[in-house]
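**Student:** Residue numbers (our numbering): 711 to 935.
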Ligand SMILES: Cc1cc2nc3c(=O)[nH]c(=O)nc-3n(C[C@H](O)[C@H](O)[C@H](O)COP(=O)(O)O)c2cc1C
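(1) Any heavy atom of ligand 1 closer than 6 Å to the CB of residue 721?
(2) Which residue comes first and which comes last in the beta strand (DSSP E) that contains residue 913?
(3) By the three-class DSSP mapping on this structure, what secondary structure does residue 816 have?
(4) In the DSSP output, which residue or residues are listed as bridge partners for residue 811?
(5) Ignore the nearest five residues each way along the sequence and tell me which others in residue 801's own chain have a CB closer than 7 Å to its CB.
(6) Short of 6 Å in beta carbon distance, which residues of its chain neighbour residue 760, apart from the five on each side in sequence? Order them along the chain.
(7) Kindly give me the distance between the Cβ atoms of residue 778 and residue 818, rounded to whole angstroms, as I take these residues to be in contact under 8 Å.
(8) Take residue 725 as the anchor and find which of 808, 893, 782, 741 has the nearest alpha-carbon.
(9) Assuming contact is defined by CB atoms lying nearer than 7 Å, are residue 713 and residue 740 in contact in what I supplied?
(10) Among the residues of its own chain, which have a CB less than 8 Å from the CB of residue 729, if the five just before and after it don't count?
(11) What first and last residue would you give for the alpha helix (DSSP H) that runs through residue 824?
(12) Let's test the definition: count the other Cβ atoms within 10 Å of the Cβ of residue 844 and tell me whether it reaches 16, buried, or not, exposed.
(13) Can you tell me the Cβ-Cβ gap for residue 892 and residue 826, rounded? I've got them flagged as a contact below 8 Å.
(14) With a threshold of 6 Å, establish whether the CB of residue 863 neighbours any heavy atom of ligand 1.
(15) Could you check whether residue 751 and residue 860 sit closer than 7 Å to each other, using their CB atoms as the reference points?
(16) May I ask which residues mark the beginning and end of the beta strand (DSSP E) holding residue 723?
(17) Return the chain-ordered list of same chain residues with a C-beta closer than 6 Å to the C-beta of residue 799, the five sequence neighbours on each side being excluded.
(18) Looking at the unbroken alpha helix (DSSP H) that takes in residue 744, where does it start and where does it end?
(19) Mind checking residue 723: buried by the 16 CB within 10 Å criterion, or exposed?
(20) Is there at least one non-hydrogen atom of ligand 1 closer than 6 Å to the beta-carbon of residue 718?
(21) Can you have a look at residue 871 and say buried or exposed, based on whether 16 or more other CB atoms are within 10 angstroms of its CB?
(22) Just how far apart, CA to CA, sit residue 806 and residue 921?
(23) Check whether the Cβ of residue 747 lies closer than 6 Å to any heavy atom of ligand 1, and answer yes or no.
Written out as structure tokens, the structure reads:
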């Protein structure tokens with residue numbers, strides 16, 4: 711697949727399993743795939759560095775990139791789904807997707823914040839709304855570019871994928887379970903599903919807006935001077 715074909719083939723595939731699936735690839739292959747997709751994310755453009763406050767020496771998260779990525783293997787996905795079930799968290803389709811996915815990656819972005827900040831561990835929720843600065847806009851843009859690289863990488867490998875806002879995975883209970891700090895803002899949960907998802911008797915739902923926005927003349931305009 712060339713670049714244009716990869717971009718045009720990317721599409722939302724919400725794979726809903728009705729019970730936990732056996733992954734289609736080994737643990738080692740999951741780790742390898744994750745590393746490859748992270749490499750693609752790392753090659754996205756970015757403009758501004760994040761601030762020192764986000765450096766987490768304990769976890770070795772010392773990059774000044776304006777985003778972070780937390781990665782889950784199929785076992786981690788199933789463990790999260792199990793926790794959701796045990797705690798009766800109303801996570802809806804997220805649970806079905808955690809049963810299906812071979813890997814999942816949670817992308818967050820790191821907002822510039824101003825004034826006194828509370829202790830991260832005591833936050834009850836993400837700090838919204840964030841401050842509307844150019845830098846914050848460009849942090850999101852950079853994290854989005856990295857996210858799209860991951861989706862394109864999965865697509866090029868023939869792997870169904872889905873960019874979800876995260877639903878209940880955004881909220882404190884599951885954030886704590888996944889150990890994703892609440893001072894970061896979740897940009898997306900990127901589900902990567904088995905290649906043969908469609909023959910595993912699952913529901914595969916497409917994006918509601920898939921067919922919209924393809925008429926380029928309706929959102930682009932030539933500047934003729
Ligand atoms: C930032 C972002 C968040 C999204 N979150 C969700 C979501 O929570 N639920 C959902 O059904 N689709 C979500 N989507 C996927 C869109 O619905 C999908 O991209 C759109 O319908 C177009 O379909 P396509 O991806 O197949 O082109 C999200 C997309 C983006 C860019």
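For glycine and all other residues, C-beta sits at the position ideal for the given N, C-alpha and C.
**Tutor:** Reading off the structure:
(1) At least one heavy atom of ligand 1 is nearer than 6 Å to the Cβ of residue 721, so yes.
(2) 913-916
(3) strand
(4) Residue pairing by DSSP places residue 811 opposite no residue, since no beta bridge is assigned to it.
(5) 794, 877, 878
(6) 774, 776, 820
(7) So it is a contact: roughly 5 Å between Cβ atoms.
(8) 808
(9) The criterion of a C-beta distance shorter than 7 Å is not satisfied by residue 713 and residue 740.
(10) Residues 809 of the same chain have their beta carbon placed closer than 8 Å to that of residue 729, with the five preceding and five following residues left out of the count.
(11) Neither: residue 824 is in no alpha helix (DSSP H) and is coded neither H nor E.
(12) exposed
(13) Not confirmed; about 16 Å, so no contact.
(14) no
(15) Yes.
(16) Counted as a single uninterrupted DSSP element, the beta strand (DSSP E) harbouring residue 723 occupies residues 723-726.
(17) Here the set comprises 878.
(18) Counting along the chain, the alpha helix (DSSP H) containing residue 744 begins and ends at 737-752.
(19) buried
(20) Taken from the Cβ of residue 718, every heavy atom of ligand 1 lies 6 Å or farther away.
(21) buried
(22) 25 Å
(23) No; taking the cut-off as 6 Å, the Cβ of residue 747 has no heavy atom of ligand 1 nearer than that.
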